[in-house]
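In order, the protein sequences belong to chains A and B. In terms of this note's numbering, the first sequence has 48 at position 48, counting the first letter as 1, and numbering is strictly consecutive. In terms of this note's numbering, the second sequence has 594 at position 260, counting the first letter as 1, and numbering is strictly consecutive.
Protein chains: 2
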Amino acid sequence: MNVTIKDVAKKAGVSVSTVSLVINKKPAITEETRQRVLQAIEELNYYPRRIAQGLASKRNGNIGFILTDYHFSRAEPFYTKIFLGSEFEARHHNYYLLLTTIQNKFAQSDIPRFLLEKNVDGVILAGKVPTGLIEHISGYGLPTVFVDYTPPKGKYFAVLMDNIDGAKQAVGHLIEKGHRKIAFIGGDISHPSIQSRLEGYRQALMEANLVFNEQLVITSSPNTTDIDGYQSTCALIQNGEPLTAIFAANDAMAFGCNRCLKEKNIRVPDQIALVGFDDVELAIEMEPRLTTIKVNKEDIGAIAVKSLVEMLDTNRKINGKILAPVELIVREST
Amino acid sequence: MNVTIKDVAKKAGVSVSTVSLVINKKPAITEETRQRVLQAIEELNYYPRRIAQGLASKRNGNIGFILTDYHFSRAEPFYTKIFLGSEFEARHHNYYLLLTTIQNKFAQSDIPRFLLEKNVDGVILAGKVPTGLIEHISGYGLPTVFVDYTPPKGKYFAVLMDNIDGAKQAVGHLIEKGHRKIAFIGGDISHPSIQSRLEGYRQALMEANLVFNEQLVITSSPNTTDIDGYQSTCALIQNGEPLTAIFAANDAMAFGCNRCLKEKNIRVPDQIALVGFDDVELAIEMEPRLTTIKVNKEDIGAIAVKSLVEMLDTNRKINGKILAPVELIVREST
DNA sequence: ATTAATTATCGAAACGTTTCGATAGATCGA
DNA sequence: TCGATCTATCGAAACGTTTCGATAATTAAT
């Protein structure tokens, strides 16, 4: 059969418990016996059976990763990449990721099985998840990390992208290029990250001693899609307020914005410069290629896992948030 | 502490083993005791600890899902959706999916940990994976299912899409529309699925008693991207051979094809009709919207899991392949 | 009515680890 | 030199199930 810890013990001429102590890097082991055990492990090509470790130690080495199926299967692989970063990081901490998708609205039958079967040590929740689920999960008392979403109430730990700083970088870049009349098109302002981006816009202007002109801020569109960007831009141009640059709250809106400008024969970046936010895959396909703020998705995933593992190792929960750094990518649209 | 099988046994007034028999739906249990046990389970809100089951039964209820990180994080969520379908199906068979990504070339250090730690009962390999890994995995004797890829040698079980049938449907559709001179642009013909699509093209013509005209078949392009489609189409038009329809071996090539035709002021579908293959997300954005062959990715993933679970349950391996059905989606380009 | 066959239930071992308390040996202090 | 303290190692219980062989109860066969 398979080689077990007993075989290792026999080969190294020590007890099973000693082998266990070596495997788990516990102190109080002579260097000499440690080496003997390690060598036996090597020679027998022994790997501890994860499942047995789990039963004995009451930690199963799994992390649950929950997101809505909508988020997971979107064309833009945003959460996929976050997951990828998480998986990679988890692997290096010797944890497994158990991914499960859920519906957008909470149903009792939708409760991830790994929770019921006590099969995870902690949970990562990515993107917006139904509050019903959040409440349910908190009942297990498991360490939990939110990613790219902050629950409406309660204590939590979240990994977010630095929206304010990103917006400041975007607008700062435009200011550096000499722009003074910079518009913001925002769409659905109820969304926390859009709010932050507007806040960053405001701060950047302030720091450069530029006035915040309400005529240049369009947040009337109901969503944050391509269409909203198109409409917001049309409205902005209609306004007649002079401007030389536009900061769109995300790339999708930037695309719509660009489309509108093209229709009105306004040249980008010559007449109006344009910056987006997110650096989606299509940003590089835009005509002209879009200057935008890049978020390293893999990093976000990795940070989430790292934080969770720390909670698991130290056995205490952390509250607050971590802001993942963002980066300005300058392309042709500015 | 947590409620265990013992608590259930006590509450139901039976032995632990009886509870286990009920849980695992073994025969030889009176309906009456079965009900008593079930009720106790319900009242105590008991769920077996997965990890304990695993240790005792020597099956851990996990399925390894391996794909290259490249495949996973592509913009087109092809494998993501396959995974999604797999995850869903696995959930319903009470299995967990352990996803791991690997590099494109095989390295010893890259061996998924769930293999070393004997943490999976079977493996799904999606997309092209390095042969070194395939050989390594076969050493474990685990039931294995390939998805959208057939290894170059050895026995295997694979879930593939029905390329031949899809091509036949595509070309058949064109023929039905009255087209007689139908071109095929294929790109990298060394790729098995492109070969099959060419074969389907050939069969469709044959069945309609149309001649196979080599002048109308372009397979000189080195890849199967947008660019290749563009170049192949230009070459085709240059040829001068009259034609009224083009079947592109995939959607990406169809996009390039469309771009070329647009440049040459050839109207789609009036002058030349165009069909693609894959139904990628962008197909609906093409101008005109692309008629194409749709593959249900979630189905493929589900079929893979279903087959694997069957192997696990019956404890014997299956060889051969399953072809997942494909479907013609008629849009504006024909 | 007795034995044989069948069925429902049970007890205990097994799965492969971790962990806790025990032990023997070494070191120390006075 | 003797007890006290410390250190390296060990033995055995524990984790929560499944499963196998045993047993008691029931049914069937003669």
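Every residue gets a Cβ at the ideal spot worked out from N, C-alpha and C, and that includes glycine.
With contacts defined by Cβ atoms closer than 9 angstroms, Leu67(A) and Ala9(A) do not form a contacting pair. Interface with chain B (9 angstroms Cβ-Cβ cutoff): Leu84(A) is included.
If you ignore the 5 residues before and after Ile571(B), its C-beta comes within less than 7 angstroms of the C-beta of Lys598, all in its own chain and listed in chain order. Contact note: Asp403(B) reaches chain A through Leu84, using a C-beta cutoff of 7 angstroms and chain order. Look at Phe72(A): its C-beta is under 9 angstroms from a C-beta on chain B. Beta bridge pairing from DSSP links Glu327(A) with Lys294(A). Thr465(B) sits in a helix when the DSSP states are folded into three classes. Inter-residue distance for His71(A) and Gly398(B) is about 23 angstroms (C-alpha atoms, whole angstroms). For Leu98(A), the uninterrupted beta strand (DSSP E) segment begins and ends at 96 to 102. Distance check between Phe611(B) and each of Ile634(B), Ser530(B), Leu642(B), Pro556(B) places Ser530(B) closest, using alpha-carbon atoms only.
For Phe417(B) against Leu433(B), the beta-carbon gap comes to about 7 angstroms, under 8 angstroms, which counts as contact. Listed by position along chain B, the residues whose Cβ is nearer than 8 angstroms to that of Glu87(A) are Leu433, Thr434, Thr435. With respect to Val493(B), Val505(B) sits apart: the two C-beta atoms are not nearer than 9 angstroms. Annotation for Met620(B): no alpha helix (DSSP H) segment contains it, and DSSP assigns it neither H nor E. Taking all protein chains shown into account, His513(B) has 16 or more neighbouring C-beta atoms within 10 Å of its C-beta and is therefore buried.
Here the alpha carbons of Glu548(B) and Cys234(A) stand approximately 51 angstroms from one another. The DSSP-derived three-state label of Ile29(A) is coil.
For the pair Tyr201(A) and Ala254(A), the CB atoms are not nearer than the 9 angstroms cut-off. Within the same chain, Cβ atoms closer than 7 angstroms to the Cβ of Asn258(A) are found at Val268, Leu274, Met286, the five residues on either side in sequence being excluded. The alpha carbon of Ala424(B) has as its nearest neighbour, out of Arg650(B), Ile637(B), Asn653(B), the alpha carbon of Ile637(B). For Thr668(B), the three-state secondary structure derived from DSSP is coil. Neighbours of Asn24(A) in chain B, taken as residues whose beta carbon is under 9 angstroms from its own, are absent, since the nearest beta carbon is some 15 angstroms off. The criterion of a C-beta distance shorter than 9 angstroms is satisfied by Ile528(B) and Thr553(B). Approximately 19 angstroms separates the beta-carbon atoms of Ala579(B) and Thr558(B); this is outside 8 angstroms, ruling out the contact. The DSSP assignment places complete beta strand (DSSP E) segments of no fewer than 3 residues inside the segment 508 to 596 of chain B at 516 to 519, 579 to 582, in order along the chain. Annotation for Ile357(B): the continuous alpha helix (DSSP H) segment containing it runs 350 to 357. By the criterion of a C-beta distance shorter than 8 angstroms, Asn653(B) is surrounded in its chain by Lys489, Tyr490, Phe491, once the five residues flanking it on both sides are discounted.
With contact defined as three or more Cβ pairs closer than 8 angstroms, the segment 37 to 49 of chain A and the segment 17 to 27 of chain A are in contact. C-alpha of Val614(B) to C-alpha of Ile663(B): approximately 11 angstroms in a straight line. When Cβ-Cβ separations below 9 angstroms define contact, Thr414(B) makes contact with chain A.
Any Cβ of chain A closer than 9 angstroms to the Cβ of Gly506(B) would place that residue at the interface, and such an atom is absent.
Within its own chain, the residues whose Cβ lies closer than 6 angstroms to the Cβ of Ala542(B), once the five positions on either side in sequence are excluded, are Ile509, listed in chain order. With respect to chain B, the C-beta atom of Arg331(A) has no partner C-beta closer than 9 angstroms.
When C-beta distances to chain A are compared with 9 angstroms, every residue of the segment 526 to 553 of chain B stays at or above that value. For Phe247(A), no CB of chain B lies under 9 angstroms from its own CB, so it is not counted at the interface with that chain. Residues of the segment 115 to 126 of chain A that bring their beta carbon within less than 8 angstroms of a beta carbon in chain B comprise Leu116, Glu117, Lys118, Asn119, in sequence order.
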